[in-house]
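See below for the structure under consideration.
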Amino acid sequence: MPITPQELIANLGDLPPLPQVASQVLRISADPDANAEDLRKVISMDQALTSQILKISNSAMFGMMREVNTLTQAIMTLGFSTIKSVVIASSAKNLYHRGTVGLQERLIWEHALVSAIASRAFAKSLRFPRIEEAFIGGLLHDIGKSVMGVKFPERYSALLRTVYNEMGNSLQLELDTFGFDHAMVGEALVSQWNLAPSLQAAVRWHHDPLQAPETHHELTAIVALANHLALEAKIGIGDPCNLEGASMQAMEILKLSPEALTGIKDGVRAAIEEDKTMIAEF
Ligand SMILES: [Fe+2]
Ligand SMILES: [Fe+2]
Numbered sequence: 215m216p217i218t219p220q221e222l223i224a225n226l227g228d229l230p231p232l233p234q235v236a237s238q239v240l241r242i243s244a245d246p247d248a249n250a251e252d253l254r255k256v257i258s259m260d261q262a263l264t265s266q267i268l269k270i271s272n273s274a275m276f277g278m279m280r281e282v283n284t285l286t287q288a289i290m291t292l293g294f295s296t297i298k299s300v301v302i303a304s305s306a307k308n309l310y311h312r313g314t315v316g317l318q319e320r321l322i323w324e325h326a327l328v329s330a331i332a333s334r335a336f337a338k339s340l341r342f343p344r345i346e347e348a349f350i351g352g353l354l355h356d357i358g359k360s361v362m363g364v365k366f367p368e369r370y371s372a373l374l375r376t377v378y379n380e381m382g383n384s385l386q387l388e389l390d391t392f393g394f395d396h397a398m399v400g401e402a403l404v405s406q407w408n409l410a411p412s413l414q415a416a417v418r419w420h421h422d423p424l425q426a427p428e429t430h431h432e433l434t435a436i437v438a439l440a441n442h443l444a445l446e447a448k449i450g451i452g453d454p455c456n457l458e459g460a461s462m463q464a465m466e467i468l469k470l471s472p473e474a475l476t477g478i479k480d481g482v483r484a485a486i487e488e489d490k491t492m493i494a495e496f
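The sequence shown begins at 215 in the working numbering and counts up one residue at a time.
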């Protein structure tokens, strides 16, 4: 019998909070009266975050014409919503790195980042208007894995090893072992962080996009395709064959023929290739 959300929270205990700077950035970027100076003040209190934003502003991903040297310049050139992505990415990185150690940790983080870049590229070519939301959805889709890694270090690391060595299905193994899976845990975290309902849906249903509420179908489908593509590129832990069903559902939602999808995927792979430097720097 599936676990209720209340039972899930009872099993997990306290979830990692969103870092304070990140929640302030989210608040400011949602405030129509806020300006670049408000954002600069909050971000500049965090030195690591500031230098990360500057690095990313200068990465190939954003193809800037001239070098970005100050935070104000970065905010002006990238815009509020991209800055928001970078800040969430940096918070997520810390969380991903607190989970399992070594190879697993690295694979999960790289998978998150590549899925984020792929989601953004899919969103662009499908003319999905909320490109940054797609980026964040890709980045956070497996955040539940990190939470499980933090909460149950030995058991979860053993589970991931099984998935890695035997190419098992992580979702099914999680359900068998814990009674819940990383998609449910991820949703609990993302809702605690007060991220948009669309992101909560994408995290919850990235393995089963047709189950998402209809208003969130497209975003969830994009994240599902990105997730599959990242695993096909052998970035992450798991067998891409397990994601074929999710991709089929995504194609139905997005009304994509196999031929159209193949063409789009070529473009997405090229975008990932271009962003390699950002992946290395992050
Ligand atoms: Fe997943
Ligand atoms: Fe994934």
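Backbone N, C-alpha and C fix where the C-beta goes; we use that ideal spot for every residue, glycine too. Just so we're clear, the structure is a prediction, and the values are computed from it rather than from any experiment.
Which residue's Cα is closest to the Cα of residue i: the options?
i	options	result
VAL417	ALA244, SER329 and LEU268	SER329
LEU232	ILE223, VAL404, LEU263 and ILE345	VAL404
GLY316	ALA236, GLY363 and VAL256	GLY363
MET381	ALA335, ALA306, GLY450 and GLN406	GLY450
HIS355	ILE242, LYS269, HIS420 and ILE223	HIS420
ASP245	PHE294, GLY481 and ILE478	PHE294
ALA335	GLY352, ASN379 and ALA224	GLY352
SER271	ASP260, ARG369 and GLN287	GLN287
SER304	LEU321, ALA438 and ASP260	ASP260
GLY358	PRO343, TRP407 and LEU285	TRP407
LEU292	LEU253, GLU324 and ARG241	LEU253
ARG529	ASN225, ILE467, LYS298 and LEU389	The requested residue 529 is not part of the displayed model; the chain covers only 215 to 496.
LYS365	THR476, LYS338, HIS442 and LEU229	LEU229
ALA464	HIS325, THR434, GLU487 and GLY481	THR434
THR476	ILE322, PRO454 and LEU439	LEU439
Please classify residue i: does DSSP put it in a helix, a strand, or coil?
i	result
LYS307	helix
ASN379	helix
HIS421	coil
LYS338	helix
LEU457	helix
ILE449	coil
VAL282	coil
LEU470	coil
THR291	helix
ASP489	coil
ASP356	coil
ASP390	helix
MET259	coil
TRP407	coil
GLY316	helix
ALA426	coil
GLY227	coil
LEU232	coil
PHE349	helix
Could you tell me the distance, in whole angstroms, from the CA atom of residue i to the CA atom of residue j?
i	j	result
GLU251	GLU473	47 Å
ASN456	LEU409	28 Å
GLU401	ILE267	27 Å
SER384	ILE436	20 Å
GLU319	TYR310	7 Å
ILE501	ASN283	The question about residue 501 has no answer here: the residues shown for the chain are numbered 215 through 496.
PHE394	VAL300	30 Å
MET462	VAL256	43 Å
THR264	LEU327	19 Å
ARG483	ALA332	7 Å
GLU446	ALA485	15 Å
SER237	LYS307	15 Å
ALA372	VAL361	15 Å
VAL243	ILE345	This sequence places Ser at residue 243; Val is not what is there. Those two C-alpha atoms are separated by around 15 Å.
ASP422	MET398	12 Å
ASN379	SER471	33 Å
VAL235	ALA248	15 Å
HIS442	PHE392	24 Å
LEU389	HIS396	9 Å
LYS269	HIS325	20 Å
Is it right to say residue i is buried, meaning 16 or more other beta carbons lie within 10 angstroms of its own, or is it exposed?
i	result
GLN386	exposed
SER412	buried
LYS469	exposed
GLY452	buried
LYS500	Residue coverage of the chain in this structure runs from 215 to 496, which leaves residue 500 outside it and unanswerable.
ASP489	buried
MET290	exposed
ALA262	exposed
GLU428	exposed
GLN414	buried
ALA224	exposed
Between residue i and chain C, is any beta-carbon pair separated by less than 8 Å?
i	result
LYS479	Looking at the structure shown, chain C is missing, and only one protein chain is on hand.
_Residues surrounding ligand 2 [beta-carbon distance to nearest heavy atom under 5 Å]_ = ASP356 and ASN441
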